[in-house]
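**Student:** 367 is the number that the UniProt record's numbering gives to position 367 of the sequence shown; each next residue is one higher, with no gaps.
Note that beta-carbon positions come from the ideal geometry of N, C-alpha and C, so glycine has one too.
Sharing a structure, written as structure tokens. Questions coming.
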Amino acid sequence: MSETPDPTKGLWQVVLTHLNGDERITPQLQGFVNLVEPKGVMAGTLYLEVPNELTRGMLEQRLRQPFIDAIAALDDSHGVTNFATVVNPEIQQDALSQDLPHTEQPYIEPTPPAPVEKASSPRRSDSRLNPKYSFDNFVIGGSNRFAHAAAVAVAEAPAKAYNPLFIYGGSGLGKTHLLHAIGHYAESLYPGIRVRYVSSEEFTNDFINSIANNRASVFQSRYREIDILLIDDIQFLQGKDSTQEAFFHTFNTLHDHNKQVVITSDLPPKHLTGFEDRMRSRFEWGLITDVQAPDLETRIAILRKKAQSEKMQVGNDILEFMASKVSSNIRELEGTLIRVTAFASLNRTEVDMALVQTVLKDLITLDEDNVIAPVDIINHTADYFKLTVDDLYGSSRSQAVATARQIAMYLCREMTNLSLPKIGQLFGNRDHTTVMYANKKITELMKERRSIYNQVTELTSRIKQNHRFTQK
Ligand SMILES: Nc1ncnc2c1ncn2[C@@H]1O[C@H](COP(=O)(O)OP(=O)(O)OP(=O)(O)O)[C@@H](O)[C@H]1O
Numbered sequence: 001m002s003e004t005p006d007p008t009k010g011l012w013q014v015v016l017t018h019l020n021g022d023e024r025i026t027p028q029l030q031g032f033v034n035l036v037e038p039k040g041v042m043a044g045t046l047y048l049e050v051p052n053e054l055t056r057g058m059l060e061q062r063l064r065q066p067f068i069d070a071i072a073a074l075d076d077s078h079g080v081t082n083f084a085t086v087v088n089p090e091i092q093q094d095a096l097s098q099d100l101p102h103t104e105q106p107y108i109e110p111t112p113p114a115p116v117e118k119a120s121s122p123r124r125s126d127s128r129l130n131p132k133y134s135f136d137n138f139v140i141g142g143s144n145r146f147a148h149a150a151a152v153a154v155a156e157a158p159a160k161a162y163n164p165l166f167i168y169g170g171s172g173l174g175k176t177h178l179l180h181a182i183g184h185y186a187e188s189l190y191p192g193i194r195v196r197y198v199s200s201e202e203f204t205n206d207f208i209n210s211i212a213n214n215r216a217s218v219f220q221s222r223y224r225e226i227d228i229l230l231i232d233d234i235q236f237l238q239g240k241d242s243t244q245e246a247f248f249h250t251f252n253t254l255h256d257h258n259k260q261v262v263i264t265s266d267l268p269p270k271h272l273t274g275f276e277d278r279m280r281s282r283f284e285w286g287l288i289t290d291v292q293a294p295d296l297e298t299r300i301a302i303l304r305k306k307a308q309s310e311k312m313q314v315g316n317d318i319l320e321f322m323a324s325k326v327s328s329n330i331r332e333l334e335g336t337l338i339r340v341t342a343f344a345s346l347n348r349t350e351v352d353m354a355l356v357q358t359v360l361k362d363l364i365t366l367d368e369d370n371v372i373a374p375v376d377i378i379n380h381t382a383d384y385f386k387l388t389v390d391d392l393y394g395s396s397r398s399q400a401v402a403t404a405r406q407i408a409m410y411l412c413r414e415m416t417n418l419s420l421p422k423i424g425q426l427f428g429n430r431d432h433t434t435v436m437y438a439n440k441k442i443t444e445l446m447k448e449r450r451s452i453y454n455q456v457t458e459l460t461s462r463i464k465q466n467h468r469f470t471q472k
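Below is the structure:
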């Protein structure tokens, strides 16, 4: 099938003509249609080659019905009743250098991604990317396949493909992971590319500080002299008019100069309240994709990958059991695995079903909307360690207070939907990296010190019991 046979060409022309007259094909979707190459007909199926998973996803979802209708309109003599898509990465390079589906604006020839520096003097990256989050350790399933493919496409061709890329979905479903993965992959493909990851809280703080210190120009250059801006949890800018204004200008400058912007949010643009229409419409310029709660198979695969990367010995039946208990939030799923393996390591025992059931007893999750308030976590932690709440908020560095504070931060991360910067703010305006450090530290200590494991477990169970009680 190296050369398209003429009958297929003729048939394809008819399909294209039909699609041309179809109002459902927006300019953006047309971009995807342009990437399709007909390969031939077999047993009533028209085989179409596409360069990547993203285009296949588009064809099989949003373009499915228009294609089916176009095929239905074909003359019976063609004998075609269906179509199938095949990804052929070999046409990827060609396709990427051709017109990729873009936005409603005119296509502008992109500038090279970044000034490439000499290999001998690699520039220190200021991207703030977390090495933990890459495409290699991102598990693909039905719930995130499309978002993953879009993220890969953006990293491979920054500002050429979909600008902005807008990823939305519930808490703990991998949006931040994808943002960082885009950054790492783009950095590996284009050495010297300037990538910057920022949470919306940090963006806000940077902006406020720059105004307070009369350093608006430093702020501007920090956010405008980059090739890829990865901005997390944009919903945080809701109702913050002047920060939104600053973001609006940053966005426009980057977009006008063909720089890539990737945005995450808990809701799709049209449901984001507290944003000006001009802002929301810009979010819709490029490609919008969601991440959903993973199905059981994907949850098992995520646990398996995590266990492998941490060199944990956990049987499949156990991973399956854990995955069946925690369904909506991947962060919580990982937390479960951490607890189980910490318990096993402390007791120098294998992870078996009895152990898992014991550990999970206290961890059975609450309903989606049954949210625990961080203040309850902080009150319980203070109470448990016989400290005051102010001790936890304050700056005492005594070992006992510092560990209690880290445990409270760890539990806030595990039991609530709060982002790292938000938790940092709660604890006396600390930086999000302090919360990250607390998380890591407590995760490690739970494996090494029985007392810490017991404290975390007892506290979790107290907080949950009290929560259930007050909900009744
Ligand atoms: N598909 C996946 N494969 C592997 N790990 C995943 C996947 N999805 C999420 N995770 C892991 O789950 C955890 C939570 O994901 P992440 O922080 O990206 O969620 P989020 O959607 O940004 O949540 P929030 O909105 O609360 O910030 C991370 O440790 C991440 O690595």
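#1: Quick one: what does DSSP say K325 is sitting in, helix, strand or coil?
#2: Spatial neighbours of H184 within its chain, please: CB distance less than 7 angstroms, with the 5 preceding and 5 following residues excluded, ordered by chain position.
#3: Can you list, in chain order, the residues of its chain with a C-beta nearer than 7 angstroms to that of P421? Leave out the 5 residues immediately preceding and following it.
#4: Taking only heavy atoms of ligand 1 into account, decide whether any of them is closer than 6 angstroms to the Cβ of S419.
#5: Measure the alpha-carbon distance for Q465 versus M353 and round it to whole angstroms.
#6: What's the call for T204, buried or exposed, on a 16-neighbour Cβ count within 10 Å?
#7: Rounded to a whole number of angstroms, what is the C-alpha to C-alpha distance between K240 and E276?
#8: Of the choices I463, T26, T250, N34, whose alpha-carbon is the least far from that of Q13?
#9: Specify which residues have a beta carbon nearer than 5 angstroms to any heavy atom of ligand 1, listing them in chain order.
#10: Measuring alpha carbon to alpha carbon, tell me which of R62, E444, T8, L272 ends up nearest T45.
#11: Taking only runs of the beta strand (DSSP E) that begin and end inside the segment 15–49, which ones reach a length of at least 3 residues, in chain order?
#12: Would you tell me roughly how many angstroms separate the C-alpha atoms of R123 and Q220, rounded to the nearest one?
#13: Under three-state DSSP, which class holds R331?
#14: Can you look up V198 in the DSSP assignment and give me helix, strand or coil?
#15: Going straight from the alpha carbon of D317 to that of V139, what length do you get?
#16: Might you give, ordered along the chain, the residues of its own chain that have their beta carbon closer than 7 angstroms to the beta carbon of P66, omitting 5 neighbours on each side?
#17: Measure the CB-CB distance between S265 and Y384 and report whether it falls below 7 angstroms.
#18: Count Cβ pairs between the segment 159–166 and the segment 282–293 that sit closer than 8 angstroms; are there 3 or more?
#19: Can the beta-carbon of P158 be found less than 7 angstroms from the beta-carbon of I228?
#20: For L272 and R280, what's the separation of their Cα atoms in angstroms?
#21: With I442 and Q406 assumed to form a contact (beta carbons below 8 angstroms), what rounded beta-carbon distance in angstroms separates them?
#22: Between S210 and the rest of its own chain, which residues show a CB-CB distance below 7 angstroms, the 5 nearest in sequence each way excluded?
#23: Quick one: measure Cβ to Cβ for G172 and E332, integer angstroms, because I've assumed they're closer than 8 angstroms.
#24: In this structure, how does DSSP classify F343 when only helix, strand and coil are distinguished?
#25: Using the three-state DSSP reduction, which class does A73 fall into: helix, strand or coil?
#26: So what's I300 in DSSP terms, helix, strand or just coil?
#27: Run through DSSP, which three-state label would L319 get?
#28: Can you name the start and end residues of the beta strand (DSSP E) that S265 belongs to?
#29: In the DSSP assignment, the alpha helix (DSSP H) including Y185 goes from what residue to what residue?
#30: So, does the segment 389–403 touch the segment 236–251, judging by three or more C-beta pairs under 8 angstroms?
#31: Within 10 angstroms of its Cβ, does G428 collect 16 or more other Cβ (buried), or is it exposed?
#32: Could you tell me the boundaries of the beta strand (DSSP E) in which N82 lies?
#33: Can you list, in chain order, the residues of its chain whose CB lies under 6 angstroms from that of F146, leaving out five sequence neighbours each side?
#34: Could you check whether D232 and T176 sit closer than 7 angstroms to each other, using their CB atoms as the reference points?
#35: Is the separation between the beta-carbon of I452 and that of L459 shorter than 7 angstroms?
**Tutor:** Based on what the coordinates show:
#1: helix
#2: L129, S134
#3: S199, E201, E202, H432
#4: yes
#5: 24 angstroms
#6: buried
#7: 10 angstroms
#8: N34
#9: F138, V139, S171, G172, L173, G174, K175, T176, H177, I302, I330, R331
#10: T8
#11: 37–42
#12: A caution first: R123 carries a pLDDT of 41, below 50, which makes its placement in the model unreliable, though a value can still be read off. Taking the straight line from one Cα to the other gives about 21 angstroms.
#13: helix
#14: strand
#15: 19 angstroms
#16: L19, D22, R24, I25
#17: no
#18: yes
#19: yes
#20: 8 angstroms
#21: 5 angstroms
#22: A216, V218, F219
#23: 6 angstroms
#24: helix
#25: coil
#26: helix
#27: helix
#28: 260–265
#29: 175–189
#30: no
#31: exposed
#32: 82–87
#33: G57, T289
#34: yes
#35: no
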